[in-house]
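These protein sequences, in sequence, are chains H and F. Just so you know, the first sequence maps onto residues 1 to 375 in this note's numbering. Just so you know, the second sequence maps onto residues 1001 to 1249 in this note's numbering. In this text, a Cβ means the ideal position worked out from N, Cα and C, and glycines have one as well. As the structure is a prediction and not an experimental result, all values here were calculated from the model.
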Amino acid sequence: MAASRYPGAVAGASPGASRARPSDLTASIARPRPTEIGPPLGRSAPTAGAGSEGITRRVILNILEAFFRRPWLYLLPLLLFSILGASTAMSTTEQFSSVGTMNATPGSLFSELTESANQPGFGFSTPASVTASNLNQLLRTEEFQREVADRAELTEALDGGFFDLGDIYRSTSAYDDGDNLVRVQSTTGDPELSEKFATATIDAFIQWQIDRDVGESTTAEHILEDQVAAAEERLTAAQNALDNYLVENQVGPVGERPLAQQVQIDRLTSALQRAEDHYVTQVDKLDEAKLTTAQTKTVVAQRLRLVDEPTFPLAPEPRLRKAIMTFAVFVVLGLIISTALVVLVAALDRTIRVPNDVEAKLGLDVLAVVPETSR
Amino acid sequence: MAPKGGLLGRRKRRTVSLDELGADRAGGIGILDEDGTVLHMTPSAVAKSLRYLLARVDLHEGGLPHRVALSSALKKEGVTYVTRSLAAVLAYDTDRSVVVVDMNWTEPSGEPEDERPPGLAEAVDQDLPIETVIKRTANPRLSLVAAGSSPLARRHALAGSVALADKLDELADQFDHVLLDLPPVLASSEAMSIAQLADAFVLVVLQGVTVESQVHAALDEMRGCEILGVVLNRYHSRIPKRIRQLIGA
């Protein structure tokens, strides 16, 4: 072994020739092997250790250090949320679900509904998923909620404060089941209410789709009805004008009219003919509009139709599964908050915590790590 | 008559069995005055860590420089403790002579101001022979020099004086290693002046207390000095050993 300037450290020999040292005192004096010692000392560029692995290890070390400094503080959110979750899960009341099924098929209605969903970047949509999404969006609107309450014949209960419109949104939802089936589920503590909500939601939605689709032709109908009425008045007026003129200007004994009368009669007859033609045209247009409305209603009914009516739930939902899910959600939430807290504290801690920090943050070598001892 | 507080810190009763050089059976090393009173005790775990330091410096730098200054960014980071411990290990493990020079005129270790023995400040100001302020210990290779007293207004001039440099040269002639226990870099300007008189500089950082920016500020002040590295003091990992082994820390 090469001579060292620290012979005591290497061999445990006495530093002074005249002084003896108990051999057991030097037993613990172990000099590190050169391979453990590392690169030359001094200042170097700040480094994060050995690449990304070094960074990862340093970050993990700092997070763990932060956690183990005050473990109970960081576990507190998890604990509180777990208690809250357990309490919520225990207090879960019996819930009854009623499910109805609609069939949504592609077509012009679907094309219209998926107008935005088919934009690049929105991914693939099925008729059922688009319909379910549309229904869930509608359920958030007060107008639709009120329509559901009306159809469920629960307006009085609503006005009496037995439930509010928000209950409809909170208890009812739609989800797709395959490409074409849309399930509408309503879950409340009352089986009858669940059935009514589900049924009324489906009815209101189908009607909303029909109203939306036939809106244009219905508007045309209203306009044409006004125009037919106006044409009818004009026709009546023309007929009356001709009749009155004929009554006032009877044919003479000779059987011939003066030329002036004949001209006037021809003019009135021509006006009557034009009024009659206009009336017939308007009536035809109205008939066409009515036909279009009827056709559209049929098409919508075919493309969005009720397959299974919501049934009266005879048994409540299994409570255990719901309780476990509720508890799990709270636990996960608590875990996220606890983890975020530890990471935040570790990120905000700008002190030198671990030897790796010295090399990474200061670009200096760690000469020694002096352990904490009772001094 | 010896002062009540001792030369470099409060007197401690000698409650453990130490050999004549101050080492205990567990591997700790003490600094004993000539009466056998323990002035400083380096636990075995700390001694082991500092031996690692010496081995690294020995391997990479060809040995510990002749004059080494130790300081920190802030107060209470344990510079005096580390300096004395390093001196104790160095003197015990090697055949080299070591002197620890306390240069904390603001807060010299231990004694009340009126009870302080003459130290380096008096030796410089009154041009006393350096031998008069050298305190010998039970280990003939380890000596101590107290800071002494210096008026506040005089300290900066003292730190930058040629006389101080001369006294340190005298110490350097007598000892193989001169360890300068400096005041905190960010708390006084003396540290920067005195560090220029050393061959190398070691920064002591208290784990979990000193902020990174403060350490950077201290290092910026010390640019121009040969920085050996950092001693991470009072290190204690709260991570359970099993987890540390798992992540390879």
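Worksheet item: Quick one: what does DSSP say Q185 of chain H is sitting in, helix, strand or coil?
Response: strand
| request: Mind listing the chain H neighbours of T946 of chain F? Cutoff is C-beta to C-beta under 8 Å, in chain order. | output: Because chain F is modelled from 1001 through 1249, residue 946 of chain F falls outside the range shown and cannot be assessed.
#### Entry: Beta-carbon proximity list for E36 of chain H, same chain, < 6 Å, skipping 5 on both sides
With a pLDDT of only 40 at E36 of chain H, under 50, the local geometry of the prediction cannot be trusted, and no value is derived from it.
### Message
For H1040 of chain F, tell me which candidate among F:S1143, F:A1069, F:G1248, F:I1029 has the shortest Cα-Cα distance.
### Response
F:I1029
### Message
Counting C-beta neighbours from all protein chains within 10 Å, is the total for M325 of chain H 16 or more, i.e. buried, or is it exposed?
### Response
exposed
*Name the chain F residues that come within less than 7 Å of L64 of chain H, Cβ to Cβ?*
Those within 7 Å of L64 of chain H in chain F are I1239, I1243.
How many angstroms separate the CA atom of A289 of chain H from the CA atom of T219 of chain H? 9 Å
8 Å Cβ shell around I168 of chain H - same chain, five flanking residues per side excluded: L139, Q145, V148, A149, F197, T201
Three or more C-beta pairs under 8 Å: does that hold for the region 259 to 266 of chain H against the region 206 to 214 of chain H? Not touching, per the Cβ criterion.
(Q) Is the separation between the beta-carbon of I1134 of chain F and that of A1159 of chain F shorter than 7 Å? (A) no
(request) Could you check what DSSP says for L1197 of chain F in three-state terms: helix, strand or coil? (result) coil
request  = Determine whether the Cβ of V358 of chain H lies closer than 7 Å to any Cβ atom of chain F.
outcome  = yes
Legend entry - Own chain, CB closer than 6 Å to F67 of chain H, minus 5 neighbours either side, in chain order: Y74, V342
### Task
Rounded to whole angstroms, what's the CA-CA distance from E309 of chain H to V182 of chain H? Just pull it up for me.
12 Å
- Task: Would you mind listing the beta strand (DSSP E) stretches within the region 1145 to 1187 of chain F that are 3+ residues and don't spill past its ends, in chain order?
- Result: 1177 to 1181
### Query
In chain order, what residues of the same chain lie with their CB nearer than 7 Å to the CB of Y175 of chain H, ignoring the 5 residues before and after it?
A132, R183
* To do: Please list the segments of the beta strand (DSSP E) lying wholly inside the region 1021 to 1090 of chain F, counting only runs of 3 or more residues, in order along the chain.
  => For the region 1021 to 1090 of chain F, whole beta strand (DSSP E) runs of length 3 or above, ordered along the chain, are 1029 to 1032, 1038 to 1042, 1067 to 1072.
Throw me the rounded Cβ distance for the Q282 of chain H and A231 of chain H pair, which I believe falls under 8 Å. Going by Cβ atoms, the distance from Q282 of chain H to A231 of chain H rounds to 5 Å, so yes, they are a contact pair.
Note down, one range per segment and in chain order, each beta strand (DSSP E) of at least 3 residues found wholly within the region 72 to 104 of chain H. The region 72 to 104 of chain H contains these whole beta strand (DSSP E) runs: 96 to 104.
Notebook entry, point to check: Taking C-alpha atoms, which residue in H:P318, H:R321, H:W208 lies nearest to V300 of chain H?
Noted result: H:W208
| In whole angstroms, what separates the C-alpha of P127 of chain H from that of N180 of chain H? | 6 Å
Own chain residues within Cβ distance below 6 Å of L158 of chain H, not counting five before or after: A149
Original post:
By Cβ distance below 7 Å, which residues in the same chain neighbour P32 of chain H in space, the five residues on each side in sequence not counted?
Top reply: Because the pLDDT at P32 of chain H is just 41, under 50, the model does not fix this residue reliably, and the value given afterwards should be weighed accordingly. Correct list: empty, nothing qualifies.
By DSSP's criteria, A1136 of chain F is part of a beta bridge. Which residues make up the other side? For the sequence presented, residue 1136 of chain F should be read as Arg rather than Ala. Residue pairing by DSSP puts R1136 of chain F in a beta bridge opposite F:S1143.
task: Consider the Cβ of H1066 of chain F: report whether some Cβ of chain H lies at a distance smaller than 7 Å.
output: no
*Which residues of chain F have a Cβ atom closer than 8 Å to the Cβ of F144 of chain H, listed in chain order?*
The CB of F144 of chain H never comes closer than 8 Å to any CB in chain F; the least such distance is about 55 Å.
Notebook entry, point to check: Okay, do the region 1071 to 1084 of chain F and the region 1195 to 1206 of chain F touch, 3+ Cβ pairs below 8 Å being the bar?
Noted result: yes
Review point. Based on Cα-Cα distance, which residue from F:A1121, F:A1091, F:L1152 lies nearest to L1142 of chain F?
Key: If we check each option's Cα against that of L1142 of chain F, F:A1091 comes out closest.
Q) Looking only at DSSP bridge pairs, what is G1229 of chain F linked to? A) By DSSP's assignment, G1229 of chain F forms a beta bridge with F:V1202.
Practice item. For T1210 of chain F, go through chain H and note every residue whose CB falls closer than 7 Å to its CB, in chain order. Key: T351, I352
Please list the terminal residues of the continuous beta strand (DSSP E) segment that includes R305 of chain H. Note, R305 of chain H: beta strand (DSSP E), 304 to 308.
**Item:** Option in H:A315, H:E225, H:I352, H:D177 with minimal Cα separation from S98 of chain H
**Value:** Ranking H:A315, H:E225, H:I352, H:D177 by Cα distance to S98 of chain H puts H:A315 first.
Strand pairing of L371 of chain H, partner residues [DSSP]
Here the sequence assigns Pro to residue 371 of chain H, which means Leu is not the residue at that position. For P371 of chain H, which the question treats as bridged, DSSP gives the partners F:Y1235.
**Message:** Just to make sure I have the definition right: I need the residues of chain H whose C-beta is within less than 7 Å of the C-beta of L1053 of chain F. Which are they?
**Reply:** L367, A368
Whole alpha helix (DSSP H) elements within the region 117 to 170 of chain H, 4-residue minimum:
List check, alpha helix (DSSP H) in window: 127 to 139, 142 to 151, 155 to 159.
I'd like to check one pair, L367 of chain H with V1178 of chain F: are the Cβ atoms closer than 7 Å?
no
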